[in-house]
Structures are given as structure tokens and as C-alpha cells.
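Structure first, then comments.
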Amino acid sequence: MNINNINIDEIILNALREDIGTGDITTIATIPADKSARGKYTAKEAGIICGLEVCGRVFKILDENIEFKTSKKDGDKVEKGEVFAEVSGNARNLLTGERTSINILQRMSGIATLTANFAAQIAGTKAKISDTRKTTPGLRVLEKYAVKTGGGINHRFNLADGILIKDNHITAAGGIKQAVASARANAPHTLKIEVECENLASVREALQAGADIIMLDNMGVKDMREAVNIISGNAIIEASGNMGDLNAQDLLAVAETGVDIISMSTITASAKSLDISLKFVLD
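For the sequence shown, this note's numbering begins at -15 and goes up steadily by one.
Here is the structure:
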């Protein structure tokens, strides 16, 4: 991850502004300006760590002299009770950046952990777990990076990334055939066209219209398997619709139908933050 990316720095700055407000009055009132400190990050539960560079960047933005060291890299496993990083420098600046650093690290690690869990459930199939645009406003670049860290793939980053013709587009355009034809005529040739299909009839129509990607939305396993046969390799196939609510056996059954992608809003919209603490230690 390129931590010097202007978008990432802006995310961090916004988070610091939100947390600091007009000043960290507790720290200023209790800690001498020249006091130094050292703290250790500890995983309070097992999971996949993610966001280490961003965590360190929080402190560098506050104070270039703060040192952030870690024995891990994004995507590594951490065990409950494991100390995986250390930060040292001016105590005031460490305390001011503490909560922002932990919040980001916990959030990204939680998403990576949940993604890895789902990916493990469909291991051995060709299907890949994908995210959606259901992300925390302002944090999409970090959350989608966390998905990839956990072994998933990214769907569109934004509305300009690809053409996804959904039910309301189809209704407004007058049908799948009309929507796809209009997209071909008006959009750059470099963009793929995906069509959301709710039944086998719409799958056939989308295929005939020349869709590059066909989304099987809220279909049962039997219909998914039939849709895969109908498409027969002539389009990328994405399964979608409450996939995060399925148990491991049912999710595997979806993957075994032959779909290429299983998109899940759950991995970003409902991920539980990984429990992480930062505690100061005496030298």
C-alpha cells in the first residue's frame, strides 16, 4: 500500500481533526511537553493484521520523529496476546494519535479477517470473494485494500469504474436489451458491461444482449447451476445477494455451482473490528 497516497493522508487528517478537535486537553494538562514514551500494540484476539503502514503514518503526520516498528506485515496472522508493533517518541503526540491509529488498525484488520474466513470456506473452487460499494463513507480505499489483504478481490471502486446495469436501470431503459445496447453506444469501449439478473429468463436476455458480466442476484443454488450452464463461459458470472448470511456449507454450495465471483457487502458493511490495544510501557 502506498501510504504517501494523498487520499490516504487526507483520510488520516480528517480522522485526526475529528478526534482532536481544538486540542487534546487531557494530555496537555497532564504530560510535560518534553516527556518521551514507548507503547506496544497487542492483539486481544486472533486474526489477520492489516493497516500497519497507515497506523504508522498517523504518528508521522503528527510528529516525524516518532518511530513505529513492527514484526509483521499486512496479511500476517496474529494470535491472542501477541505483541506485534511498538511506537516510541514524544508522549504527548503518541497519546494524541493513539485512538486514531487503533481505530484504523482495528477496522482494517477486522475486514481482512472476515474476508479471509469467507475465502477459506470456498477454498478449492474457482470462485473469488469480492466486496461491493457498501463501504464506510470516506474509508473506501482503506476498506477495499483490507479486502484484498484478506484474500478477496475488489468490485468497482466508484460509479466510473464500470457499467453495472441494475433493476432500476433496466426498468428505466425499457429492458435489458435496450439498456445494454444504449451502454454499448454511449460508454467507452474499455468498460465492461455487467447486468443484474433475477431469473433465468433475464440471464438469457443479458447473454443475448452481449453482457460481459452477468450477476445472479438472490438466486437459489439450483438456478445458479442452470445459469452457469446457460452462460457456458461466454460471460463472467457473479453471484450476489445476502451471501454473508449463508452458513459455510451453503456458501460452498454456491461456489461449487461454477460461478466466478461471489460478491458480499458483509465483509465491509458488517465486519467486526479486531480487538487491539496500545499500552505504554516503562523503560
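Even for Gly, the Cβ is constructed at its ideal location relative to N, Cα and C.
1) How is the beta strand (DSSP E) around Arg54 delimited, first residue to last?
2) When DSSP builds the beta bridges, which residues end up paired with Val179?
3) On the three-pair Cβ rule with 8 Å, is the stretch 68 to 81 touching the stretch 232 to 250?
4) Should the stretch 164 to 182 be called in touch with the stretch 145 to 154, which here means at least 3 C-beta pairs below 8 Å?
5) Which partner residues does Val62 have in the DSSP bridge list?
6) For Gly23, which beta-bridge partners are listed by DSSP?
7) In this structure, how does DSSP classify Lys118 when only helix, strand and coil are distinguished?
8) Just the C-alpha distance for Thr11 and Lys24, rounded to the nearest angstrom, thanks.
9) Return the first residue and the last residue of the alpha helix (DSSP H) that Glu189 is part of.
10) What first and last residue would you give for the beta strand (DSSP E) that runs through Glu222?
11) Return helix, strand or coil for Ser249, following the three-state DSSP convention.
12) From the DSSP output, which residues share a beta bridge with Lys9?
13) With Ile86 and Val38 assumed to form a contact (beta carbons below 8 Å), what rounded beta-carbon distance in angstroms separates them?
14) What does the Cβ neighbour count give for Asn218, buried or exposed, with the cut at 16 atoms within 10 Å?
15) CB Ala232 to CB Gln90, shorter than 7 Å?
16) If you reduce the DSSP assignment to three classes, tell me which class Ile137 lands in.
17) Can the beta-carbon of Thr133 be found less than 7 Å from the beta-carbon of Asp58?
18) By Cβ distance, which residues of its chain are closer than 8 Å to Leu126, with the 5 residues on each side in sequence left out?
19) For Val187, I'd like the list of residues in its chain whose CB is within less than 8 Å of its CB, leaving aside the five on either flank, ordered along the chain.
20) Can you pull the DSSP bridge partners for Lys112?
21) I'd like to check one pair, Ala237 with Val205: are the Cβ atoms closer than 7 Å?
22) For Gln192 and Ala223, I'd like the C-alpha separation in whole angstroms.
23) Can you tell me which of Gly136, Leu79, Asn101 and Ala103 puts its alpha carbon nearest to the alpha carbon of Thr116?
24) Once DSSP output is grouped into helix, strand and coil, what is the label at Ile15?
Walking through what the data contain:
1) Position 70 of the sequence shown, counting from 1, holds the residue named residue 54. With the sequence shown as reference, residue 54 is identified as Thr, and Arg is not the correct amino acid for it. Where Thr54 is concerned, the enclosing beta strand (DSSP E) stretches over Glu51 to Thr54.
2) Taking the sequence shown and counting its residues from 1, one reaches residue 179 at position 195. Looking at the DSSP assignment, Val179 forms a beta bridge with Ile149 and Ile198.
3) Per the Cβ contact rule, the stretch 68 to 81 is not in contact with the stretch 232 to 250 (fewer than 3 Cβ pairs under 8 Å).
4) At 8 Å Cβ cutoff, the stretches touch.
5) Here the question's residue 62 lines up with position 78 in the sequence shown. DSSP lists Gly31 as partners of Val62.
6) Counted from its first residue, the sequence shown places residue 23 at position 39. The partner list for Gly23 (beta bridge, DSSP) reads Val71 and Phe264.
7) For the purposes of this step, residue 118 is identified with residue 134 of the sequence shown, where counting begins at 1. Three-state result, Lys118: coil.
8) Within the sequence shown, numbered from 1, the residue matching residue 11 stands at position 27. Within the sequence shown, numbered from 1, the residue matching residue 24 stands at position 40. Computed Cα separation, rounded: 19 Å.
9) Mapped onto the sequence shown, residue 189 falls at position 205. Secondary structure note for Glu189: its alpha helix (DSSP H) is the uninterrupted segment Leu184 to Ala193.
10) For this step, residue 222 is matched to residue 238 along the sequence shown. Per DSSP, Glu222 belongs to the beta strand (DSSP E) from Ile220 to Ser224.
11) For the purposes of this step, residue 249 is taken as residue 265 along the sequence shown, with counting starting at 1. If DSSP states are grouped into helix, strand and coil, Ser249 belongs with coil.
12) By one-based count along the sequence shown, residue 9 stands at place 25. At residue 9 the sequence reads Ile, which differs from the Lys that was named. Note: Ile9 sits in no beta bridge, so no partner.
13) Counting from one through the sequence shown, the residue named residue 86 turns up at place 102. Counting from one through the sequence shown, the residue named residue 38 turns up at place 54. Wrong, their Cβ atoms sit about 12 Å apart, outside the cutoff.
14) For this step, residue 218 is matched to residue 234 along the sequence shown. Exposed, because fewer than 16 other Cβ atoms sit within 10 Å of the Cβ of Asn218.
15) On the sequence shown, position 248 is the one that residue 232 refers to. On the sequence shown, position 106 is the one that residue 90 refers to. In this structure, Gln90 does not lie closer than 7 Å to Ala232 by Cβ.
16) Along the sequence shown, one-based indexing puts residue 137 at 153. Assigned with DSSP and collapsed to three states, Ile137 falls in strand.
17) Taking the sequence shown and counting its residues from 1, the one referred to as residue 133 is at position 149. Taking the sequence shown and counting its residues from 1, the one referred to as residue 58 is at position 74. For Thr133 and Asp58, yes; Cβs fall inside 7 Å.
18) Start at 1 with the first residue of the sequence shown, and residue 126 comes out as number 142. Within the same chain, Ile(-8), Ile(-5), Gly35, Val38, Ile88, Arg91 and Met92 come within 8 Å of Leu126 by CB-CB distance, once the 5 residues on both sides are set aside.
19) Residue numbering aside, residue 187 sits at position 203 when the sequence shown is read from its first letter. Once the five neighbours on either side are set aside, the close Cβ partners of Val187 are Cys181, Ile198, Leu200, Ala211, Ile214 and Ile215.
20) Taking the first residue of the sequence shown as 1, we reach residue 112 at position 128. Looking at the DSSP assignment, Lys112 forms a beta bridge with Ile245.
21) Within the sequence shown, residue 205 is the residue found at index 221, counting from 1. Within the sequence shown, residue 237 is the residue found at index 253, counting from 1. The answer is yes: Cβ separation under 7 Å.
22) For this step, residue 192 is matched to residue 208 along the sequence shown. For this step, residue 223 is matched to residue 239 along the sequence shown. Approximately 19 Å, taken between the alpha carbons.
23) Here residue 116 refers to the residue found at position 132 of the sequence shown. When each option's Cα is compared against that of Thr116, the closest is Gly136.
24) Counting from 1 along the sequence shown, the entry for residue 15 is found at position 31. In the structure shown, Ile15 sits in coil (DSSP, three-state: anything other than H, G, I, E or B).
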